[in-house]
Amino acid sequence: MDQHSNEWFSARLGKVTASKVKDVMSKGRGSAPSATRQNYMMQLLCERLTGKREEGFTSAAMQRGTDLEPVARSAYEIDKGVMTVETGLILHPKIEGFGASPDGLVGDRGMLEIKCPNTATHVFTMQSGRHDPQYEWQMFAQLACADRDWVDFVTFDDRMPDELQYACFRLERDEARIRQMETEIKLFLEELAELEHEMRERMRSKAA
153 MDQHSNEWFS
163 ARLGKVTASK
173 VKDVMSKGRG
183 SAPSATRQNY
193 MMQLLCERLT
203 GKREEGFTSA
213 AMQRGTDLEP
223 VARSAYEIDK
233 GVMTVETGLI
243 LHPKIEGFGA
253 SPDGLVGDRG
263 MLEIKCPNTA
273 THVFTMQSGR
283 HDPQYEWQMF
293 AQLACADRDW
303 VDFVTFDDRM
313 PDELQYACFR
323 LERDEARIRQ
333 METEIKLFLE
343 ELAELEHEMR
353 ERMRSKAA
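In this text, residue positions in the sequence shown follow our numbering: the first is 153, and each later residue adds one.
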């Protein structure tokens, strides 16, 4: 399925997806769950109960990133001498209700994640010499769902001179981090399932 198609949105409904894993991993004060985690759970609960997705806001910067993705993909393919394979939603092999939609598959063991950020973030990422850490959980989720070994993180900004538009940094699979993430996602999905059951019981009692 094509990403951002109706079929793709339907397949993601009520599931934890890679881009939101950082919300699942978000911690509050002490042992309390974070508001970010709770809000994401309520979003998925609503999707499961209604069968409808929440209409997300698309800013000009977000649309620009979507429009630039094919250009960034071409830059990567030229740089690495490879062809990437676009894919839809990849469901985790063992955790039901968890999936990822990487920007591309590379060979048998690799993946591609493309970001087209503002110039300040792009420059900072190049200076740091590594991927943007705010996307780590997203990429570990992709590796877990697709059972792959590495992700090439591409930052791309066409506003810069040609020589500075593109940079690529590789993130290797980390089994300890992936196990930590999978444990948290399982707990999150168990809580969500219990909450969904309770709400459906309330719906049934109201309808009776």
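The beta-carbon is built from N, C-alpha and C at its ideal position, and this holds for glycine as well.
Query                                                                                                                                                                                   : Result
Relative to the C-alpha of R200, which residue among W160, Y287, M351 and T307 is closest?                                                                                              : M351
If we count Cβ pairs, one from each stretch, closer than 8 Å, do we get three or more for the region 328-348 versus the region 246-255?                                                 : yes
So the candidates are A170, G180 and A224; which of them puts its Cα closest to the Cα of G240?                                                                                         : A170
What residue does the beta strand (DSSP E) around I266 start on, and which one ends it?                                                                                                 : G262 to K267
Considering only residues of the region 195-230, which uninterrupted alpha helix (DSSP H) runs meet the minimum length of 4 residues and lie entirely inside it, listed in chain order? : none
Applying the criterion that 16 or more other CB atoms from any shown protein chain within 10 Å of the CB defines a buried residue, is A187 buried or exposed?                           : exposed
Could you please give the first and the last residue of the uninterrupted alpha helix (DSSP H) stretch that includes M164?                                                              : Note on identity: in this sequence residue 164 is Arg, with Met being the wrong assignment. Segment N158 to R164, the alpha helix (DSSP H) holding R164.
So, under 8 Å CB-CB, A213 and N270 are touching, yes? Tell me the CB distance rounded to an integer number of Å.                                                                        : 7 Å
Under DSSP, the alpha helix (DSSP H) around T273 begins and ends at which residues?                                                                                                     : T271 to S280
Compute the Euclidean distance between the alpha carbons of D304 and A359, then round it to the nearest angstrom.                                                                       : 51 Å
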